[in-house]
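Protein sequences, first through last, are from chains W and R. By the working numbering, the letter at position 22 of the first sequence is numbered 7, and the numbering carries on one by one without gaps. By the working numbering, the letter at position 21 of the second sequence is numbered 6, and the numbering carries on one by one without gaps.
Protein chains: 2
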Amino acid sequence: MTKVRVYVAYKASILDPQAQAIQAATHKMGYQEVTELNVGKFFDFDFDADAELAKEKAIEIANELLANPNMETYTVEILDEQSEGVN
Amino acid sequence: MTKVRVYVAYKASILDPQAQAIQAATHKMGYQEVTELNVGKFFDFDFDADAELAKEKAIEIANELLANPNMETYTVEILDEQSEGVN
């Protein structure tokens, strides 16, 4: 079993009003230390597969389902791999 | 400057229809290896502060703004700390 996290976020060229609104809210609340904010989604998968296959499948799923290639980018991270029988 | 990532996700006790729908979609697409899926949001902050202060502020912002304490949990991770003047 392999745990894989897929991060999906807007491309840098895409304006994100949600992130701007949250950053403005932090400033109104007195957190002037916040100089930049980006927001995205993450997807934590358990795969019944080894790390190599799980990463490959996660990239396919990100391309075909999770990310909008026009506006978003994704990254894939292996969180954990467990031997057969352990889980 | 410190980069901090805040993860916000539903508590394990909260049903997440979005995650269920996405998991069902992966199965329909032939990815039977997916045995579990959890979905959440992440918030990437740049703080004009050292790592210790940035983490403290990020926890306050998560508590006061980002996470719904009734349904959600959050974790805070320091991604990167840069010396003054470097950035």
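All C-beta atoms, glycine included, are put in the ideal place defined by N, C-alpha and C.
Limits of the unbroken alpha helix (DSSP H) element including residue i
{"i": "R:Ile7", "result": "2 to 13"}
{"i": "R:Lys42", "result": "36 to 46"}
Residues sharing a beta bridge with residue i, DSSP
{"i": "R:Ala52", "result": "Answer by DSSP bridge pairing: none, since R:Ala52 is not bridged."}
{"i": "R:Leu22", "result": "W:Phe30"}
Whole-angstrom distance between residue j and residue i, CA atom to CA atom
{"i": "W:Ala39", "j": "R:Asp33", "result": "37 Å"}
{"i": "W:Glu41", "j": "W:Val(-9)", "result": "12 Å"}
{"i": "W:Pro54", "j": "R:Asp29", "result": "21 Å"}
{"i": "W:Val71", "j": "W:Ile(-1)", "result": "With a pLDDT of 43 at W:Val71, under the threshold of 50, the modelled position of this residue cannot be trusted; read the value that follows with caution. So the alpha carbons of these two residues sit roughly 43 Å apart."}
{"i": "W:Thr(-13)", "j": "R:Ala43", "result": "30 Å"}
{"i": "W:Pro2", "j": "R:Val19", "result": "33 Å"}
{"i": "W:Ala10", "j": "W:Asn23", "result": "14 Å"}
{"i": "R:Tyr16", "j": "R:Ile7", "result": "11 Å"}
{"i": "W:Ala(-3)", "j": "W:Gln5", "result": "13 Å"}
{"i": "R:Ile63", "j": "R:Tyr(-5)", "result": "21 Å"}
First through last residue of the beta strand (DSSP E) which encompasses residue i
{"i": "W:Tyr(-8)", "result": "-13 to -5"}
{"i": "W:Ile(-1)", "result": "Looking at the DSSP string, W:Ile(-1) is not in any beta strand (DSSP E), and its letter there is neither H nor E."}
{"i": "W:Tyr59", "result": "57 to 66"}
Of the listed residues the options, nearest to residue i (C-alpha basis)
{"i": "R:Gln67", "options": "R:Glu37, R:Ile7, R:Gly25", "result": "R:Glu37"}
{"i": "R:Asp31", "options": "R:Ile46, R:Ala(-6), R:Thr58, R:Glu21", "result": "R:Ile46"}
{"i": "R:Glu21", "options": "R:Asn48, R:Phe27, R:His12", "result": "R:His12"}
{"i": "R:Glu57", "options": "R:Asp65, R:Ile7, R:Lys26, R:Tyr16", "result": "R:Lys26"}
{"i": "R:Met14", "options": "W:Glu49, W:Glu62, W:Asp65", "result": "W:Glu49"}
{"i": "W:Asp35", "options": "W:Pro2, W:Glu18, W:Gln8, W:Asp65", "result": "W:Asp65"}
Assumed close pair residue i, residue j - CB separation to whole angstroms, cut-off 8 Å
{"i": "W:Val(-7)", "j": "W:Ala52", "result": "5 Å"}
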